[in-house]
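Undergrad: Per the numbering used here, the very first residue in the sequence shown carries number 1268; after that it's consecutive. Virtual Cβ for every residue (Gly too), placed ideally from N, Cα, C.
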Amino acid sequence: MAYKSTLLLAILLNPVVSLADPAQDCFAFIVEALLDQGYVVLPQVFDTDYLACLLKELIELNPTDFDRAGVGREDSFQKNMFVRSDKIHWLSGDENYLSRYNRWVEALRLYINKHLFLGLYDYECMFAHYPAGAFYKKHLDAFKNSKNRRLSSVLYLNPQWGAQDGGQLVVYDKISPSPLFEVSPTFGTMILFLSEEFPHEVLPATRSRYSLTGWYRVNESLV
1268 MAYKSTLLLA ILLNPVVSLA DPAQDCFAFI VEALLDQGYV VLPQVFDTDY
1318 LACLLKELIE LNPTDFDRAG VGREDSFQKN MFVRSDKIHW LSGDENYLSR
1368 YNRWVEALRL YINKHLFLGL YDYECMFAHY PAGAFYKKHL DAFKNSKNRR
1418 LSSVLYLNPQ WGAQDGGQLV VYDKISPSPL FEVSPTFGTM ILFLSEEFPH
1468 EVLPATRSRY SLTGWYRVNE SLV
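#1: Suppose you measure from the CA of Leu-1325 to the CA of Val-1372; what does that come to, to the nearest Å?
#2: Could you work out which residue in Ser-1478, Ile-1297 and Val-1298 is closest to His-1396 when comparing CA atoms only?
#3: Using DSSP bridges, identify the partner residues of Cys-1392.
#4: Suppose you measure from the CA of Pro-1466 to the CA of Gly-1433; what does that come to, to the nearest Å?
#5: Rounded to the nearest angstrom, how far is the Cβ of Val-1485 from that of Asn-1415, given a contact under 8 Å?
#6: Between His-1382 and the rest of its own chain, which residues show a CB-CB distance below 6 Å, the 5 nearest in sequence each way excluded?
#7: With 16 other CB atoms within 10 Å as the buried threshold, where does Ser-1420 fall?
#8: Consult DSSP for Arg-1476 and reduce its assignment to one of helix, strand or coil.
#9: Please report how far the alpha carbon of Leu-1422 lies from the alpha carbon of Lys-1441, in whole angstroms.
#10: Let me know the secondary structure DSSP gives Lys-1441 once reduced to three states.
#11: Could you pull the start and end residues of the beta strand (DSSP E) that Val-1372 belongs to?
#12: How many Å lie between Pro-1444 and His-1356 at the Cα?
#13: From Asp-1314 to Asp-1288, what distance separates their C-alpha atoms?
#14: For Asp-1332, which residues from the same chain have a beta carbon less than 7 Å from its beta carbon, with the 5 sequence-adjacent residues on both sides left out?
#15: Can you tell which of Asp-1353, Ser-1352 and Tyr-1317 has the C-alpha that lies nearest to the C-alpha of Asn-1363?
#16: Do you know offhand how far Arg-1476's Cα is from Pro-1398's?
#17: With burial defined as no fewer than 16 other Cβ atoms inside 10 Å of the residue's Cβ, what is the status of Gly-1455: buried or exposed?
#18: Taking the beta carbon of Pro-1452 as the centre, do at least 16 other beta carbons fall within 10 Å, making it buried, or is it exposed?
#19: Let me check understanding here. Comparing Cα to Cα, which of Leu-1358, Leu-1375, Gly-1400 and Leu-1377 lies closest to Cys-1392?
#20: Between the C-alpha atoms of Glu-1487 and Val-1350, what's the straight-line distance to the nearest angstrom?
#21: When burial is assigned at 16 or more other CB atoms within 10 Å of the CB, is Ser-1352 buried or exposed?
#22: Between Phe-1460, Gln-1435, Gln-1304 and Leu-1459, which lies nearest to Arg-1474 when the distance is taken from Cα to Cα?
#23: Can you tell me whether DSSP reads Phe-1448 as helix, strand or coil?
#24: Keeping to the same chain, check which residues put their C-beta closer than 7 Å to that of Arg-1376; ignore five residues upstream and five downstream.
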């Protein structure tokens, strides 16, 4: 993985990305990595104080507002415990505690469109809770017969997470059955990847595992 060389190239091409939020300083790195390999893993985007506040608000959501996750959408939607066993809460985007995150997401959308011409139109986001033992079998984020999900993002919110806790995201390419790489869901780690290109799965964890998971979408009527 050529992360260091990619970052150096990004700095040379775009020495100043944004002064609005230090978390936006990685935008050039993200774009170069997506162009080079289709994914990027960032060990720390937001400061720990903000992440702690974000986690506190999210885990205090009313448990009755969570749904058992399913697969597919609209007429093909189904809840299949053999495929996934996590619980999710869809976010409206109007939550006050998400304002900084939403500004970051929107700024990245505009930056990516400017440099990669992906035509990203909007962003949908959910809070995912994987209770101990929960999993999500190998899948693609892009729905069958639909091309609207273009770029996936996952921000992990798991303080003091160790290798013994499990819950890794295992990422594949479309050609080989062997894993391409794994990501441990440690506090503050974020991964972005092209939704249609990388099958992936979530391994069971020994304790509750939390994440903000989202998708940049394109306007399907224009695809």
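TA: If we stick to the structure as given:
#1: 18 Å
#2: Ser-1478
#3: Leu-1358 and Gly-1481
#4: 19 Å
#5: 6 Å
#6: Val-1298
#7: buried
#8: strand
#9: 23 Å
#10: coil
#11: Here Val-1372 belongs to no beta strand (DSSP E); instead the alpha helix (DSSP H) covers 1366 to 1383.
#12: 31 Å
#13: 11 Å
#14: His-1356
#15: Tyr-1317
#16: 6 Å
#17: buried
#18: buried
#19: Leu-1358
#20: 26 Å
#21: buried
#22: Gln-1435
#23: strand
#24: Leu-1387, Tyr-1390 and Tyr-1483
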